[in-house]
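All you need for our numbering is the position in the sequence shown, starting with 1, plus 173.
Just so it is clear, CB atoms sit at the ideal spot from N, CA and C, and this is done for glycine as well.
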Amino acid sequence: MVNKMLVKFLVAFLTLLAFGDAVSAQGREDVFYIQRKLNTLGADLGEPDGILGPKTQAAIAVHAEQMGFDPTPAAMMDFYQNRYWFETTPLTEGPLYQELISSFDDVLLDPYSAQLKDVVVQPSGAICGMVNAKNQMGAYVGYRHFWAASGTMDLGLDTLAYLVMPPFVDKANSNKYAYSCWLDM
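The structure is reproduced here in structure tokens:
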């Protein structure tokens with residue numbers, strides 16, 4: 174019995190050793206969002222599945238050559254995260270910021286308790302940041318990433334109205350909206 178368990182353990186260990194690097198180097202969630210970004214850039218990868226197959230690797234390689242980064246998923250994420258920090262505009266006040274704050278009314282349980290940080294406007298116009306608000310027990314839940322689409326409407330006479338769609342707040346505390354922000358999707 175012990176020998177059988179030892180053999181199974183060794184087989185599992187050797188399999189993990191042989192394939193673990195490729196599997197664990199980039200998580201499925203990362204690859205899923207990379208596939209989404211590549212699709213928005215014109216690659217025909219079909220529905221994202223989070224699997225780093227040959228088609229995804231080829232699309233990363235083509236995009237890496239165009240943009241000047243190593244043809245790996247990790248390098249692509251690093252490239253877009255760096256762009257995120259250097260090509261975004263901080264948003265801390267003004268009419269667009271006020272419109273963003275009021276857009277949380279339908280999203281949060283207690284929108285008046287919302288605390289925002291790291292709020293930026295992407296080159297695409299999307300607004301990203303982190304929000305902390307109270308739950309039904311009155312306790313703050315911790316900062317969560319959010320993503321919101323925004324735009325302007327020309328009211329004439331050199332007057333613009335700022336529009337912000339209700340933000341998507343990452344209540345599951347995953348990286349979903351952080352990745353959407355980093356990849357500017």
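What separation, rounded to the nearest whole angstrom, lies between the Cα atoms of residue i and residue j?
| i | j | result |
| --- | --- | --- |
| Gln-230 | Thr-245 | 8 Å |
| Glu-272 | Gly-215 | 32 Å |
| Leu-269 | Gln-309 | 28 Å |
| Asp-283 | Ser-275 | 12 Å |
| Val-224 | Gly-311 | Per the sequence shown, residue 224 should be read as Ile rather than Val. C-alpha separation (whole angstroms): 40 Å. |
| Arg-201 | Phe-277 | 30 Å |
| Phe-150 | Leu-218 | A query on residue 150 cannot be resolved here, the shown segment of the chain reaching from 174 to 358 and no further. |
| Val-292 | Phe-319 | 9 Å |
| Gly-267 | Lys-290 | 15 Å |
| Gln-239 | Arg-209 | 18 Å |
| Lys-307 | Thr-213 | 35 Å |
| Val-235 | Tyr-285 | 46 Å |
Under 8 Å Cβ to Cβ from residue i, same chain only, skipping five residues before and after it: list those, please.
| i | result |
| --- | --- |
| Ile-233 | Ile-207, Leu-211, Pro-244, Thr-245, Pro-246, Met-249 |
Am I right that residue i and residue j are in contact with their C-beta atoms under 8 Å? What's the rounded C-beta distance?
| i | j | result |
| --- | --- | --- |
| Val-342 | Val-304 | 6 Å |
| Glu-260 | Pro-296 | 6 Å |
| Val-337 | Ala-321 | 5 Å |
Determine whether the beta carbon atoms of residue i and residue j lie at a separation below 9 Å.
| i | j | result |
| --- | --- | --- |
| Ser-323 | Ala-287 | no |
| Pro-340 | Val-280 | yes |
Within its chain, find whatever has a CB closer than 6 Å to the CB of residue i; leave out the 5 residues flanking it on each side and keep chain order.
| i | result |
| --- | --- |
| Val-294 | Thr-262, Leu-264, Ile-300 |
| Trp-355 | Tyr-253, Gln-254, Tyr-257 |
| Asp-142 | Past the boundaries of the shown model lies residue 142; the chain is included only from 174 to 358, so the question cannot be answered. |
| Tyr-316 | Met-303, Asn-305 |
| Ala-237 | Pro-244 |
| Ser-353 | Trp-320 |
| Phe-242 | Ala-248, Phe-252 |
Give the DSSP bridge partners of residue i, in chain order.
| i | result |
| --- | --- |
| Leu-289 | Val-304 |
| Tyr-313 | Lys-307 |
| His-318 | Met-303 |
| Ser-323 | Val-337 |
| Pro-263 | Val-293 |
| Val-342 | Phe-319 |
Got a sec? Which residues, its chain only, sit under 7 Å from residue i by beta carbon, not counting five neighbours each side?
| i | result |
| --- | --- |
| Asp-203 | Pro-246, Met-250 |
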